[in-house]
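K.L.:
Numbering (UniProt numbering), first residue to last: 1 to 130.
1. Is residue 135 helix, strand or coil by DSSP?
2. Tell me the rounded alpha-carbon separation between residue 71 and residue 36.
3. From the DSSP output, which residues share a beta bridge with residue 69?
4. Need the endpoints of the beta strand (DSSP E) that residue 13 sits in, please.
5. Just tell me which of 30, 58 and 83 has its CA closest to the CA of residue 13.
Pasting the structure below:
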């Protein structure tokens with residue numbers, strides 16, 4: 001059985017994100033620069049990607065949450081990769097999105113091992129980076 005601290009260190013490395021913790025709540029964040037707009041109206045915006053887990057159980061399962069910002073054209077590939085990951089989505093999985101000025105804010109919640117949640121997101125980000 002891994003401790004939540006060991007899991008948090010592993011996830012920080014996997015996600016390549018800065019981490020902070022308060023009690024048993026672990027939060028990972030990274031800035032992402034996205035160019036939005038078209039033609040002469042393109043501008044650069046900085047968004048904070050946030051991934052967290054809490055309520056870590058002895059079984060290795062926790063409540064995971066993510067708030068991610070994607071360009072509209074990245075959404076389909078990102079979501080497709082989430083579905084095609086080697087580990088199927090857990091039964092307790094929720095996602096919703098908000099469109100804000102040419103950017104989609106994707107919210108994800110899942111109860112599963114944090115390592116699997118983080119790996120799924122890492123693989124999805126690799127897909128849109130290609």
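All C-beta atoms, glycine included, are put in the ideal place defined by N, C-alpha and C.
P.N.:
Concretely, from the data shown:
1. Past the boundaries of the shown model lies residue 135; the chain is included only from 1 to 130, so the question cannot be answered.
2. Your numbering for residue 71 matches position 71 in the chain shown. Your numbering for residue 36 matches position 36 in the chain shown. Taking the straight line from one Cα to the other gives about 7 angstroms.
3. Here the question's residue 69 lines up with position 69 in the chain shown. Per DSSP, 105.
4. Walking along the chain shown from the start, residue 13 turns up at place 13. Bounds of any beta strand (DSSP E) do not take in residue 13; it lies within the alpha helix (DSSP H) bounded by 4-15.
5. For the purposes of this step, residue 13 is taken as residue 13 along the chain shown, with counting starting at 1. Of 30, 58 and 83, the residue nearest in Cα terms is 30.
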